[in-house]
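Visitor: Below: one structure in C-alpha cells.
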Ligand code: SF4
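Residue numbers (my numbering): -5 to 198.
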C-alpha cells in the first residue's frame, strides 16, 4: 500500500503569510453578512493542515459542527475520516472545510447565503493552494463547478476546472442513508485512491 506522501504530488506553493490566514479566519468568525449569523452558535472555518495537498469541500456545518466549531466532526465526519484513512493520507496532507461557514437551520443548503459567503471559500482555497480538491455532495460540486453534471453522474471521476483537478464524491452523510449509497461511496473512494496514485506517477 502506498504511503500518504506517495499519494499526491507536492504542489508548487506561492509564498504565504500565516497572518493573512489568521486574519481571514477571524473575519469569517465575526462575519454577519447573511442571516445565518443569527442562528449559528459559531462560524466553522477549517480543520487540517495549512499546507494541504488535498482539500475536501463540504456544503455546510451540521448541528454538531456548529456546536464544536470544527467541520465534519459528527457521523458524516467519522465516515469521511474512515475514507481518509483508507486513502492513506497523513494529517499534514489534507484539510476540510465547507462552502457555507455557518450552520443553516434544518441543514437546508441556503443558496443565497452561499453566494454571500463564497468569497471566503475562494480566499481560503487561494491561500491553501491544494493540488487537488475533493467535493462532497452536490452543493459543493456545483458551487465549485456550476456546469458539472448531476451528482451521481459526476461522482467518482476526476474533472478539470480552472482551479485545477476536482474529484467529486457524494456527501458522506448520503452514504449513511442507504446500502446502495454506502456501496457507491466506497467504490468512489477506491477510485479516488487509484486516481491519486496515477497522478503521482505522472511526470512533473
Ligand atoms: S454563512 Fe458566510 S456570509 Fe453568512 S454569516 Fe456565516 S460566514 Fe458570513
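Heads up, the beta-carbon is just placed ideally off N, CA and C, and yes, glycines get one too.
Whose CB is closer than 7 Å to a heavy atom of the ligand NAP? List the residues in chain order.
Guide: In the structure shown, the ligand NAP is absent; the only ligands present are the ligand SF4.
Visitor: How would you call residue 100, buried or exposed, if buried means at least 16 neighbouring beta carbons within 10 angstroms?
Guide: With fewer than 16 Cβ atoms within 10 Å of its Cβ, residue 100 is classed as exposed.
Visitor: Kindly list the residues whose CB is nearer than 8 Å to the CB of residue 145, restricted to its own chain and excluding five residues on each side of it in sequence; keep chain order.
Guide: Cβ neighbours of residue 145 beyond the five flanking positions: 131, 132, 135, 162, 164.
Visitor: Restricting to Cα atoms, I'd like to know which of 85, 109, 168, 182 is closest to residue 43.
Guide: The shortest C-alpha separation from residue 43 is found at 85.
Visitor: Does the region 34 to 41 come into contact with the region 15 to 24, if we say contact requires no fewer than three beta-carbon pairs (one atom in each stretch) closer than 8 Å?
Guide: Yes, the region 34 to 41 touches the region 15 to 24.
Visitor: Would residue 187 pass as a contact of residue 72 if the rule is Cβ separation under 8 Å?
Guide: The answer is no: Cβ separation not under 8 Å.
Visitor: Thinking C-alpha only, which one of 169, 69, 92, 63 is nearest residue 50?
Guide: The shortest C-alpha separation from residue 50 is found at 92.
Visitor: DSSP three-state call for residue 172: helix, strand or coil?
Guide: Note: residue 172 maps to coil in three-state DSSP.
Visitor: Please state whether the Cβ-Cβ distance between residue 47 and residue 124 is less than 8 Å.
Guide: Cβ atoms of residue 47 and residue 124: closer than 8 Å.
Visitor: To which residues of the same chain is residue 180 closer than 7 Å at the C-beta, ignoring the five residues directly before and after it?
Guide: Once the five neighbours on either side are set aside, residue 180 has no close Cβ partner at all.
Visitor: Could you tell me which whole beta strand (DSSP E) segments of length 3 or greater appear in the region 12 to 73?
Guide: With a minimum length of 3 residues, the continuous beta strand (DSSP E) runs that stay inside the region 12 to 73 are 48 to 52.
Visitor: By DSSP, does residue 150 sit in helix, in strand, or in coil?
Guide: Correct three-state label for residue 150: coil.
Visitor: Could you spell out the range, first to last residue, of the alpha helix (DSSP H) harbouring residue 132?
Guide: From DSSP, the alpha helix (DSSP H) with residue 132 extends over 132 to 138.
Visitor: Can you have a look at residue 147 and say buried or exposed, based on whether 16 or more other CB atoms are within 10 angstroms of its CB?
Guide: It counts as exposed.
Visitor: Three-state secondary structure (DSSP) at residue 94?
Guide: The answer is coil: DSSP assigns residue 94 none of H, G, I, E or B.
Visitor: Whose C-beta lies closer than 6 Å to the C-beta of residue 88 among residues of the same chain, with five residues either side of it excluded?
Guide: The residues are 42, 46, 48.
Visitor: Taking only three categories from DSSP, how would you classify residue -4?
Guide: At residue -4, the pLDDT of 49 sits below 50, so the modelled position is not reliable and the matter cannot be decided from this model.
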